[in-house]
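K.L.:
The following block contains the structure, expressed as structure tokens.
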Ligand SMILES: Cc1cc2nc3c(=O)[nH]c(=O)nc-3n(C[C@H](O)[C@H](O)[C@H](O)COP(=O)(O)OP(=O)(O)OC[C@H]3O[C@@H](n4cnc5c(N)ncnc54)[C@H](O)[C@@H]3O)c2cc1C
Ligand SMILES: Nc1ncnc2c1ncn2[C@@H]1O[C@H](COP(=O)(O)O)[C@@H](O)[C@H]1O
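Chains as they are written, first to last, in my numbering: chain P, -7 to 314; chain C, 5 to 258.
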């Protein structure tokens, strides 16, 4: 029996969790796949999860699950896996999925392979997992009685199997005070203005060290506004204090997936590229035709970003945009 | 207050990663080394907290003898002392956590109890997303992950974590384990006197024990289809119409 920790939004399972389920079904090879779903409206996920091959949805019953409580989730998952005799437990390789699985791994003292992209059944299990935010892959053997894995987001396709709604089974985990001590107690800085975020924008224009100064971003701001896009930057810019870290694209910044990514004055370090792998098309603007980014981009303009960005804006205006 | 920060020495890969012929490691002969930006923010936060509230800070790394470079760098920014768990072997997440735990217990035996232990949310290279959480469980302490804002007051840590739509707040009693992310603060640059002082600060070397790896590396490989050559749209401002053409084909302009 394979168990999957499923994240959801008001009872609608997250896509990344459905991707983890697809990998879990592959691994289970016809055996049952069951899910742990927590929080208010968890039971509402039963129909959608049934369609993705889940036979039973287990809902932990405790007031702590009213908000995110990672250690308690790890404990509940561990107890459920032990009771069901699960051979493998999976989750999406999101911040929360990795966190909950690490708690489970720590509690059960089992190995955990984070962010897998492929799995081959067996004992030990063989996996391919990502390192360096996706710039490098590792093939590894996963040992341990119960195999714990997370699935790297957007590397496996979700696939509906057309099953009937899953049965819903509440259960009561045994939680200590320590398990319930870490929980979300509030929310601050709530965004409500509905502006475009870097993570969701269809168009992103970023500038790197080549922009030279904080003021150098004005033309990029203008171009982004014209196309309803967002402005990003490289880490060279954030550590210089020119832009806030929330604008940083990359392995330790934001991961973006726009239709077009216009990367200006950015050399193309692997850690920057790890954040924009999801872009459909990358256009690099660089004075150096040998810059590494040229071999990651679909298109390139060789030139000074201070001239090229305003020229693109002017051309768009001429074409009647904005 | 006593604070410990755990940092990992990793190569500074540039535009392309090159593997060693046996596919077991990154070819590092021509590379410099660093730590994760997350961990840099952990170092900075520890230094700020000790400056403001008094006490002592320590930095720990499990790695080769050369990891002394990263430990001295942290001390140049204001960390007081360092512990090197010296090994040339690669440790998986589970054995890294055990080795760090053993070192924390050795400190405790000599009278040093850490009120706060900072980890990176994930290491730059391995990205196991687990060492801090494992150490927290072994010590029986609360653990908040992915922290981008922290206030320490009256024996508690109020931590903020970025989530879609805002920041979630956690409030935990000390002693605690906190894993942090870049953006928590803007780390300072080391000063020349700071660098000189760092040379004389205490660095203790210990020998860690490695258990059998639970996640056992077979080999490394590069992702497929990464390298291509860009179509050159043109030179300078004259390329603008060709760029707009790409934007139009992408459906961004009518
Ligand atoms: C663990 C780790 C994590 C990291 N995470 C991130 C991350 O999340 N995001 C990130 O961005 N980096 C990250 N980095 C840093 C990364 O390795 C690079 O140092 C950084 O991306 C370099 O930024 P850059 O391209 O702006 O600067 P540089 O590498 O200095 O490149 C500047 C480029 O601008 C070009 N240029 C100069 N002037 C002009 C001009 N007038 N017009 C056009 N082009 C011009 C130059 O030819 C050059 O190609 C990380 C590093 C590590 C070790
Ligand atoms: N070799 C190491 N030496 C010191 N700290 C480490 C080491 N490996 C991991 N860590 C710490 O644990 C965090 C999480 O690592 P990981 O679980 O590998 O993603 C890192 O950001 C470091 O703070």
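The beta carbon of each residue, even a glycine, is placed where N, CA and C say it ideally should be.
List the endpoints of the continuous alpha helix (DSSP H) containing residue 91/P.
P.N.:
Where residue 91/P is concerned, the enclosing alpha helix (DSSP H) stretches over 87 to 100.
K.L.:
If residue 107/P and residue 121/P are in contact, beta carbons under 8 angstroms, what's the gap, nearest whole angstrom?
P.N.:
The Cβ separation is near 5 angstroms, so the contact holds.
K.L.:
As an exercise, report each continuous beta strand (DSSP E) stretch of at least 3 residues that is fully enclosed by the region 156 to 214 of chain P, in chain order.
P.N.:
Fully enclosed beta strand (DSSP E) runs of 3 or longer: 159 to 163, 178 to 180, 195 to 199.
K.L.:
Who are residue 65/C's beta bridge partners in DSSP?
P.N.:
Residue 65/C is bridged to 88/C.
K.L.:
Identify which residue in 116/C, 149/C, 68/C has its Cα closest to the Cα of residue 93/C.
P.N.:
It is 68/C.
K.L.:
Can residue 248/P and residue 196/P be called in contact, C-beta distance under 9 angstroms?
P.N.:
Cβ distance < 9 angstroms, so residue 248/P and residue 196/P count as in contact.
K.L.:
In chain order, which beta strand (DSSP E) runs of at least 3 residues are fully inside the region 19 to 74 of chain P?
P.N.:
Runs found: 25 to 28, 46 to 52.
K.L.:
If you measure from the beta carbon of residue 7/P to each beta carbon in chain C, is any gap under 9 angstroms?
P.N.:
For residue 7/P, the answer is no, since every Cβ of chain C falls outside 9 angstroms of its Cβ.
K.L.:
Out of 78/C, 135/C, 256/C, point me to the one whose CA is closest to residue 182/C's CA.
P.N.:
Ranking 78/C, 135/C, 256/C by Cα distance to residue 182/C puts 135/C first.
K.L.:
Hey, would you say residue 264/P sits closer than 9 angstroms to residue 226/P, going by beta carbons?
P.N.:
Closer than 9 angstroms, so yes.
K.L.:
Would a check of beta-carbon distances place residue 287/P closer than 9 angstroms to chain C?
P.N.:
So, interface residue.
K.L.:
Below 6 angstroms CB to CB, which residues in the same chain sit around residue 186/C once its five sequence neighbours on both sides are set aside?
P.N.:
Once the five neighbours on either side are set aside, the close Cβ partners of residue 186/C are 41, 42, 45.
K.L.:
Mind checking if residue 227/P is an interface residue toward chain C, Cβ cutoff 9 angstroms exclusive?
P.N.:
True, the Cβ-Cβ gap to chain C drops below 9 angstroms.
K.L.:
What's the gap between the Cα of residue 21/C and the Cα of residue 224/C?
P.N.:
Computed Cα separation, rounded: 11 angstroms.
K.L.:
When you measure from the CB of residue 74/C to every non-hydrogen atom of ligand 4, does any distance come out below 8 angstroms?
P.N.:
Ligand 4 is absent from the structure shown, which contains only ligand 1 and ligand 2.
K.L.:
Cβ of residue 41/C versus every heavy atom of ligand 1: is any distance shorter than 8 angstroms?
P.N.:
Yes, since a heavy atom of ligand 1 falls inside the 8 angstroms radius drawn around the Cβ of residue 41/C.
K.L.:
Quick one: which chain C residues come within Cβ less than 9 angstroms of residue 309/P?
P.N.:
What residue 309/P touches in chain C: nothing, since even the nearest Cβ is about 10 angstroms away.
K.L.:
Rounded to the nearest angstrom, what separates residue 211/C and residue 259/P at their Cα positions?
P.N.:
Looking at the two C-alpha atoms, the distance is approximately 40 angstroms.
K.L.:
For residue 259/C, tell me which candidate among 142/C, 137/C, 171/C has the shortest Cα-Cα distance.
P.N.:
With chain C covering 5 to 258 only, the question about residue 259/C has no answer from this structure.
K.L.:
For residue 40/P versus residue 4/P, is the C-beta distance shorter than 9 angstroms?
P.N.:
Yes.
K.L.:
For residue 239/C, report the span of its alpha helix (DSSP H) as first-last.
P.N.:
No alpha helix (DSSP H) contains residue 239/C, which is instead part of the beta strand (DSSP E) from 235 to 239.
K.L.:
Excluding the 5 residues flanking residue 293/P on each side, which residues of the same chain have their C-beta closer than 6 angstroms to its C-beta?
P.N.:
Counting only Cβ-Cβ distances below 6 angstroms, and skipping sequence neighbours, we find 277, 300.
K.L.:
Enumerate in chain order the residues of its own chain whose CB-to-CB distance from residue 78/C is below 6 angstroms, with the five nearest sequence positions on each side excluded.
P.N.:
Counting only Cβ-Cβ distances below 6 angstroms, and skipping sequence neighbours, we find 47, 63.
K.L.:
In chain order, what residues of the same chain lie with their CB nearer than 7 angstroms to the CB of residue 157/P, ignoring the 5 residues before and after it?
P.N.:
Here the set comprises 38, 39, 42.
K.L.:
Mapping DSSP to helix, strand and coil, what is residue 249/C?
P.N.:
Residue state, collapsed to three classes: helix.
K.L.:
For residue 284/P, go through chain C and note every residue whose CB falls closer than 8 angstroms to its CB, in chain order.
P.N.:
Ordered by position in chain C, the residues that pass the 8 angstroms Cβ test against residue 284/P are 18, 19, 20.
K.L.:
What residues from chain A crowd round residue 303/P, counting only those whose CB sits closer than 7 angstroms?
P.N.:
Absent from the structure: chain A. Protein chains present are P and C.
K.L.:
Sort 140/P, 270/P, 145/P by Cα distance to residue 9/P and report the nearest one.
P.N.:
Minimum Cα distance to residue 9/P is reached at 145/P.
K.L.:
Does the beta-carbon distance from residue 284/P to residue 19/C come in below 9 angstroms?
P.N.:
It is a contact, given that the beta carbons lie within the stated cut-off.
K.L.:
For residue 171/P, count neighbouring Cβ atoms within 10 angstroms of its own Cβ and tell me buried if that reaches 16, exposed if not.
P.N.:
When all chains shown are included, residue 171/P counts as buried.
K.L.:
Can you tell me which of the three DSSP states residue 263/P falls into?
P.N.:
DSSP places residue 263/P in helix when its eight states are reduced to three.
K.L.:
So the alpha helix (DSSP H) residue 45/C belongs to, where does it begin and stop?
P.N.:
Unbroken alpha helix (DSSP H) run through residue 45/C: 41 to 57.
K.L.:
How about residue 70/P: is its C-beta nearer than 9 angstroms to some C-beta of chain C?
P.N.:
With 9 angstroms as the cut-off, residue 70/P does not count as an interface residue toward chain C.
K.L.:
CB-CB under 6 angstroms to residue 271/P, same chain, minus the five flanking residues each way: which ones, in chain order?
P.N.:
If we look at residue 271/P and ignore the five residues flanking it on each side, its Cβ neighbours are 250, 253.
K.L.:
At the level of alpha carbons, what is the spacing between residue 233/C and residue 96/P?
P.N.:
About 44 angstroms.
K.L.:
Taking a Cβ distance cut-off of 9 angstroms, strictly less, list which residues of the region 139 to 157 of chain C are near chain P, in chain order.
P.N.:
From the region 139 to 157 of chain C, only 139, 140, 141, 142, 144, 145, 146, 147, 148, 149, 150, 152, 153 have a Cβ closer than 9 angstroms to chain P.
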